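All remarks here apply to the structure that follows.
Right under this line is the structure:
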């Protein structure tokens, strides 16, 4: 998740550059270059078998090329800042979901030919547990394609309480850094309407009425507590993108008519794993997160949801809360593919395409589990909002292991520590001839904006954009005087 000029990793930014492994199609940050560092590799791991260099789409048979891979075969790798050209482990408390562990880079390493993320019971920053979160934020991103990992889930398949995840997020938000996420997550929106405003409500008319009924428990019916889309399509044209010499307040781009493209930090969860507290059977929830919200979180799933195996998968009962709308299906896992229950590995993947004919399709063991078509998140007249597109933002990869009561009960009596998740490999594919890799693509730039507001992306103690970071929100032409 880092680009040339990023100040934290000075060695990377000062290293000589080459196109090693980038096939001249744009390495890190679409620069076409990759840091040339002794002992490190290009975008495609040399240990990736040639048989894995291509794949075929589950949906339509399209041929896909491998554009990034990490086989984690070299033992002893570490992921502190500056240690790796593509991955970095965070050092922070993931307060946003009330996690009960500290994320420590020491918990993430390679051993035995796999990436290992540990969750230990030990004091760390006055917390009783230490876990790990690894990501490619601002180092490696891609737009559209298929991402897959081969994973042995942590713990036993019959003991609940762990929270492992494999997911994607837009590069304009850095997971764990609250100021960068306020007003960007979980939006995916490029329409100028009330959906860009705080609480999805116009402050003068208090409309639409649907925004005030059908909300989750504890909100008195209110659907949304989101602060509004900070970098919206409603941003006044007079606000700066930095091209006029003023400090940018919107990363752009602008359309021909001078209006801004709506920008955000959307989220796609390849999986979040859990164990059913009643049946004691392990499963994964595979999800897309969306904002603004449909009325009562009811998206059009009559014809735009496909579940491929109804015996093993079912629609998630969780459809959203005041901070996010969720399209999610729960699928049972192979109960032997847990590090304390057999130790086998299982593949988890997500294929997605943007645009009107877009979709997100989730897969397990190279078989599709379910799919959401873009049309399912189309306009909602009751909420007076437009289409929520399948994310067009450059997306980065995250892997983490922690615990939180937000995710469900925790069976401390039977959990065994250290618990750990093993990742055999991570691979990313894109349609042949349509590669789009990099964290700073021309159509969805991020580098200048992140550099302008770098503290929001490097100081985890800044939890909000306005109150903590003391920054302003770009003027919105629906409610501000442009």
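In the UniProt record's numbering, the protein residues as written are 1 to 482.
Using N, Cα and C, we set each Cβ at its ideal position, and we do this for glycine too.
Since the model is a prediction, treat every value here as computed from it, not as a measurement.
- CA-to-CA, the gap between residue 295 and residue 368 works out to about 29 Å.
- Taking residue 89 as reference, the option from 272, 55 and 137 with the minimal CA-CA separation is 137.
- Looking at the backbone, the Cα of residue 234 and that of residue 116 are separated by about 44 Å.
- In the three-state reduction of the DSSP assignment, residue 377 falls in the helix class.
- Considering only 63, 336 and 127, the residue with the shortest C-alpha distance to residue 159 is 336.
- Ranked by Cα distance from residue 397, the options 199, 212, 167 and 120 are led by 167.
- For residue 125, the three-state secondary structure derived from DSSP is coil.
- Residue 351 is positioned such that its CB atom lies no closer than 7 Å to that of residue 266.
- When beta bridges are read from the DSSP output, residue 361 appears opposite 351 and 371.
- In the structure shown, the three-state DSSP call for residue 244 is coil.
- Between the region 468 to 479 and the region 223 to 242 there are three or more C-beta pairs closer than 8 Å, enough to call the two in contact.
- The beta carbon of residue 424 sits closer than 6 Å to the beta carbons of 114, 150 and 345 from its chain, once the five residues preceding and following it are set aside; these are given in chain order.
- Restricting attention to 331, 292, 428 and 432, the CA atom closest to the CA of residue 275 is found in 331.
- CA-CA distance, residue 421 to residue 362, rounds to 20 Å.
- When the alpha-carbon of residue 395 is set against those of 341, 317 and 185, the nearest one is in 185.
- Assigned with DSSP and collapsed to three states, residue 275 falls in strand.
- If you draw a 10 Å sphere on the C-beta of residue 357, you find fewer than 16 other C-beta atoms in it, and that means exposed.
- Residue 179 holds the alpha-carbon nearest to the alpha-carbon of residue 456 among 179, 385 and 76.
- Cα atoms of residue 447 and residue 262: separation of roughly 16 Å, rounded to the nearest angstrom.
- Fewer than three pairs of CB atoms, one per stretch, sit closer than 8 Å, so the region 186 to 204 makes no contact with the region 298 to 307.
- With the rule of 3 Cβ pairs closer than 8 Å, the region 61 to 72 does not count as touching the region 370 to 384.
- If you ignore the 5 residues before and after residue 328, its C-beta comes within less than 6 Å of the C-beta of 285, 287 and 316, all in its own chain and listed in chain order.
- When the beta-carbon positions are compared, residue 305 and residue 132 stay at least 7 Å from each other.
- Excluding the 5 residues flanking it on each side, residue 187 has same chain C-beta neighbours closer than 6 Å at 229, 264 and 291, in chain order.
- DSSP places residue 462 outside any beta strand (DSSP E), giving it a letter other than H or E.
- Going by beta carbons, residue 92 and residue 173 fall outside the 7 Å limit.
- 7 Å or more divides the Cβ of residue 417 from the Cβ of residue 45.
- Counting only residues of its own chain and dropping the five nearest sequence neighbours on each side, residue 436 has a CB closer than 7 Å to the CB of 142, 143, 144 and 430.
- Under the rule that a run must span 3 or more residues, the beta strand (DSSP E) segments found entirely inside the region 87 to 151 read 101 to 103, 108 to 111, 114 to 124 and 127 to 135.
- Going by beta carbons, residue 198 and residue 216 fall outside the 7 Å limit.
- Secondary structure at residue 180: helix, using DSSP grouped into helix, strand and coil.
- Rounded to whole angstroms, the separation of the alpha carbons of residue 248 and residue 241 is 4 Å.
- In this structure, the straight-line span from the alpha carbon of residue 366 to that of residue 270 is close to 13 Å.
- For residue 68, the beta-bridge partners assigned by DSSP are 428.
- Distances from the CA of residue 125 to each of 153, 108, 94 and 110 were compared; the closest alpha carbon is that of 94.
- Residue 428 sits away from residue 204, with the two beta carbons spaced by 7 Å or more.
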